[in-house]
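Q:
Listed below in structure tokens is the structure:
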């Protein structure tokens, strides 16, 4: 299993789409100097609606990281947990492949 880095600086995470294998971990790092971000699972690619029962990181302060390991083969959509950021492009996709 590996750890894939996602950098959050400005509106959108980089890269916005990450493809991993089951068991891999995604680590989001807030590289902004003065703004916090968060990672919240959404109901779909074009929505800014939190998925019921989905994951939520809470605040990721500048210089801090949060990570999650994905064990199911699926496509996951997420947004920045900060109000209004999703509508400005603050969202991403994680494609979890079987192997």
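Numbering (the numbering used here), first residue to last: 332 to 430.
For glycine and all other residues, C-beta sits at the position ideal for the given N, C-alpha and C.
#1: Hey, quick one: how far does the beta strand (DSSP E) through residue 340 stretch, first residue to last?
#2: Quick check for students: name the residue ranges of the beta strand (DSSP E) that lie wholly in the segment 364 to 408, counting only runs of 3 or more.
#3: Whose C-alpha, out of 359, 424, 388, is nearest the C-alpha of residue 334?
#4: Can you tell me the Cβ-Cβ gap for residue 377 and residue 362, rounded? I've got them flagged as a contact below 8 angstroms.
#5: Go through its chain and collect everything with a Cβ distance to residue 430's Cβ below 8 angstroms, but skip five positions before and after it.
#6: Considering only DSSP beta bridges, list what residue 422 is partnered with.
#7: Who are the Cβ neighbours of residue 343 in its own chain at under 8 angstroms, not counting the five residues just before and after it?
A: Straight from the coordinates:
#1: No beta strand (DSSP E) contains residue 340, which DSSP labels as neither H nor E.
#2: 370 to 372, 396 to 400
#3: The candidate whose alpha carbon is nearest that of residue 334 is 359.
#4: Incorrect: roughly 26 angstroms between the Cβ atoms, too far for contact.
#5: 352, 353
#6: Looking at the DSSP assignment, residue 422 forms a beta bridge with 410.
#7: 420, 421, 422, 423
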